[in-house]
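So the structure is just underneath, and the comments pick up after that.
Residue numbers (this note's numbering), protein chains in the order written: chain A, 1 to 305; chain B, 306 to 874.
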C-alpha cells in the first residue's frame, strides 16, 4: 500500500527548545491515523510541518507524493483541515463560507452538495454566530472537504462536543474512511482513538515512542492486567503480600488494586486469603490494559494535564 | 486572483451586514459634512473650500479605525488561522481587505460629494485628478492602518493607537483645522504628518488648479504610503501571539516613521510649510501673508478657464502693486467700479489737519478688546470712562467736553483731535475690524464674492438713503457684519465700502459724519443689517450692538485714512 504521508527524521527547534527531535512515521493510503502525545510533546509542530504551515529545520516530508518543504502551497491544495475551533466572521453564512473557501482551491466541490452532506442545508443562509457548537463543527468539516482532499487532518475533532454530536462525528469520520479518504487526527480521548484509528503513533519529547494498531499497542504493553477489589471490611496489607507478579499495590480502606501479568493465579490466591480472614467480597474487576494505560506507561504522563 | 475577488466580495458583503461598520463608515462622514456645513455656513459656495478636509477625515477614519479593526478582529477571533490552512497568501488576505476598504472609502467619499452638491457645492473642477488624489490619500492612510493593525494585539489597542494618530492629525496636522489658523510651530509640525498633504492634494482637485499645484503633496503621500505598506507587510502576523521575530522585527516601524520624517524634512527644505491652499481668512494668521516664493500661490499660475472679467473689480478692493507682474492674471481693462478716488488716494491724500502733538494724545487707556468677541466701544477718548459695562453709552456726547457739537454739521477738527485716539485702534491685520493691506491678495473665490459685492453695492437701497449719516452708517454695517461672521472676504470688504462712501459723500462732510458715527455708534436705524441679502452677505445678528460697535471702529479707521491721521498701511 503506498504511503500517503512520509515523515523522516523531522527536526525543529525554537531557540533552546527542541520541539521535534527526529520524528518519523508513515500514513498509509486510506487509513485513519492517530497522533497522540502529552502537551508539549511536539504534536503541533509535527502537524504544522506536515500541513505546510511551518518549515522544519531538517528532515523529509512527503504528502501525497509532494515534497511539502519545497511546495507547501501544493500540499495545501490536496489536504483538508479542521482545527480544534474553527472561527469565521460573525456574519458570514455557511454557503458564503463554502463559496469563499472553495475559491481558494483549484478543485472545489459544490457548496450545495456539501451543505447537504453535512446536514447544514437548513442553516445555509444564517449567520455563523447563530450556529450551535455541533453545527459549527459540521461546517468546519464541510470546509475541510471543500477541495475534495486526498488527506484530511482533524485536530481534536470532538473536543467540546456534546455526546450526540460526538457520535455523529465518529460516524462521519468512519464514513470518510469508507469513501477512501486518508485521515490524520489528534485526540485526547483514548476511547476515541481506540475506536476510530487504524494505527496510532505516540509522540513524547519530540520523538515517536510507539507506533502500531491499538491492539498491538495494548498487547505490547507487557500483557498487564489491572485487578481491583472491594470487601466488607478494612483490607489488611498482608492479604496482598507476595501475590504472583503483583505490582503497584495500593490499599485504601476496603479497596485495593494492583497490576499483574498472571491475573487468574493472583486472584485465586487473593480470594482464598479473603475467605480465611472471613472478609466478604463486594466487587471484583479484572481489566486488560487500555490504551491510556499504555500511554501512561510509555510517557509517564497522563494525556490530560 | 479568483480567490482575491471572492474575498473582496465577501468582505464587502460582510461590511454591509455590520451596523457598527456602517455607522463608522457612512454616518460619521455625513455628520462631519453637516458639522463643516454649519461651521462654515457663511461661505458663498457651501463646502467647496472644505471638501479636501472632509474627504481626508473620511479616509483617515477608515484607515485609523475601520481597516485595522477589521483586520485585528478577524485575526483575534482566529479567522486568519483557518484561512491560513488554505493555499492563499497573506498578500491576498490583507490585499482583499484593504481593497474592500478602498471601495468603501470611495463610496463614503461619493456620498459626501453628492450630499455637498445637494447643498449647493459645484461639481469638482478636476474629477479625474480628484480620483487620483483620493487614491494616493487612501494609499498613504491605508498603509498607516496596516501598520496599526500589525502593532495592535486586539481591538481596544487599535482604538488607542488610532486615536493617537487621528486626533493630532485632525487638530494640528492641518486636517480639521485650517493650517492658516495654526501657530507657526504647528505648521512646521504638520509638515511631518500626511494629513495636510492629503487635504492639499484633494482640495486642489476640487476647486484649485489641479494636481500640478500639489505634486509635492502627491509625492509625499505616495512615499508615506509605500513605507507603511512595506512596514505593514514585514510586521504582518497571522496571530497576535506570534512575536515580532526575525527580519528586523519592530525595526520596520522605524522605517515607516523615517518616511514621515523624510517628507517633513523635504517640506522644510523646499519651503513647503505654508499651505498652498488659499487662506481661510488671511487676517487671522500673521504667518499667512509670508507665503514662500517657491510655493506656487494660487493666483500665480495662469488659468485660461477663468474669465478675466471675473476679476475686474478686484483692484478696486485690493489694489495690486504694479511691481507684482508675476502674480497678475488680472484683466488689463481698468476696473469699472473704481471711481476717481482710487483707494491709493488714501495714502496720498494730504492730511486735513496736522497730527496732534503726542502729549495731547495722553488719554486714559481704553478697554480695547482686540480679539474677544465683545470688544469695547470705539476709541472715543472720554466717553467710556463713565461706564465700561455698557458697550457704548447712549449719549456719550453729553459726558465730558463742554463744547460737544449738537449736530454732525457742527463737528470741528478740534473735536476730532480732542476725542479720537487713532493710535489705539486695533491693527488692520488683526482679527477685529481687519482691513487688507495692498500686498494682500484675495483668492479666486473671494474675488468672485467681492465682484458680486462691488456690483451690488451702488444699487443697495440702504446705501442710497437721503440722510447722509444714516447712509454712511448703513454702508459701514456691511464690513461690520462680514467681520462678525469672519467671512473670508472680511479684510477686503472695508476697502470696497470705503470707496463707495467716499464717492458719495464730499470729504468735508464725510469727516464730520464719521466723527458723529464714532461718537454715537448706537444711534440711527439698524434695519439695514437685516437687508444684506442683495449684497450676497448673510443678514447680521439680531443683536445690533456688535454690528454698531464695529461700525464705530470702521468709522474711526476710515476717518484716520482720509484725514491722514492714521494712513492705511
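Glycine included, every Cβ here is placed at the ideal spot set by N, Cα and C.
In the DSSP secondary-structure assignment, residue 12 (chain A) is bridged to A:20. Here residue 49 (chain A) is buried, its C-beta having at least 16 other C-beta atoms within 10 Å. Using a Cβ-Cβ cut-off of 7 Å, residue 448 (chain B) is close to nothing in chain A; its nearest Cβ partner there is about 24 Å away.
Each of B:830, B:820, B:731 was checked against the Cα of residue 771 (chain B), and the nearest Cα belongs to B:830.
Across the segment 257–270 of chain A, no CB contact with chain B closer than 9 Å is found for any residue.
Contact annotation for residue 46 (chain A) against chain B: no contact, minimum CB-CB distance about 16 Å [criterion: below 7 Å]. Within the segment 406–431 of chain B, no complete alpha helix (DSSP H) segment of 4 residues or longer occurs.
Sequence-distant Cβ neighbours of residue 287 (chain A) in its own chain, meaning closer than 6 Å and more than five residues away, are 226. Rounded to whole angstroms, the separation of the alpha carbons of residue 727 (chain B) and residue 734 (chain B) is 15 Å. When DSSP reads this structure, residue 231 (chain A) sits in a beta bridge with A:281. For the segment 388–414 of chain B, the beta-carbon criterion of a distance under 9 Å to any beta-carbon of chain A is satisfied by 388, 389, 390, 391, 392, 393, 394, 397. Sequence-distant partners of residue 400 (chain B) (beyond 5 residues in either direction) whose C-beta falls short of 8 Å from its own C-beta, in its chain, are 309. The three-state secondary structure of residue 453 (chain B), taken from DSSP, is helix. In the structure shown, residue 188 (chain A) falls within a coil segment according to DSSP collapsed to helix, strand and coil. Ranking A:42, A:2, A:247 by CA distance to the CA of residue 30 (chain A) puts A:2 first. A check of alpha carbon separations from residue 321 (chain B) across B:357, B:339, B:345, B:375 identifies B:375 as the nearest. Under the criterion of beta carbons closer than 8 Å, residue 523 (chain B) and residue 441 (chain B) qualify as touching, at roughly 5 Å. Contact of residue 308 (chain B) with chain A is assigned, a C-beta pair being separated by under 9 Å. Taking a C-beta distance under 9 Å as the contact criterion, residue 509 (chain B) and residue 434 (chain B) qualify as a contact pair. Going by DSSP, residue 489 (chain B) is part of the alpha helix (DSSP H) stretching over 489–495.
Counting only residues of its own chain and dropping the five nearest sequence neighbours on each side, residue 356 (chain B) has a CB closer than 8 Å to the CB of 417, 418, 421, 426, 429, 507, 508, 511, 512. Neighbourhood of residue 101 (chain A) in chain B, by CB distance below 7 Å: 391, in chain order.
Secondary structure at residue 104 (chain A): coil, using DSSP grouped into helix, strand and coil. The C-alpha of residue 835 (chain B) is placed about 14 Å away from the C-alpha of residue 850 (chain B). In its chain, beyond the 5 residues on either side, 19, 20, 45, 56, 57 have a beta carbon closer than 6 Å to the beta carbon of residue 12 (chain A). Neighbours of residue 104 (chain A) in chain B, taken as residues at a C-beta separation under 7 Å, are given in chain order as 308, 391, 392, 393. Closer than 9 Å to the CB of residue 19 (chain A) there is not a single CB belonging to chain B. Residue 810 (chain B) is not bridged by DSSP to any residue. DSSP places residue 745 (chain B) in the coil class of the three-state scheme, outside both helix and strand.
Setting aside the 5 residues that flank it on each side, residue 292 (chain A) is surrounded in the same chain by 190, each with a C-beta closer than 6 Å to its C-beta; the list follows chain order.
In the DSSP assignment, residue 708 (chain B) falls outside any beta strand (DSSP E) and carries neither an H nor an E. Secondary structure in the segment 774–859 of chain B: the alpha helix (DSSP H) runs of 4 residues or longer, each lying completely within the stretch, are 798–809, 812–824 in chain order.
A Cβ-Cβ separation of about 7 Å places residue 800 (chain B) in contact with residue 740 (chain B) under the 8 Å criterion. Judged by their CB atoms, residue 858 (chain B) and residue 713 (chain B) are not nearer to each other than the 9 Å cut-off.
Exposure of residue 233 (chain A) is indicated by the presence of fewer than 16 other C-beta atoms within 10 angstroms of its C-beta. Per DSSP, residue 35 (chain A) is one residue of the beta strand (DSSP E) stretching across 32–36.
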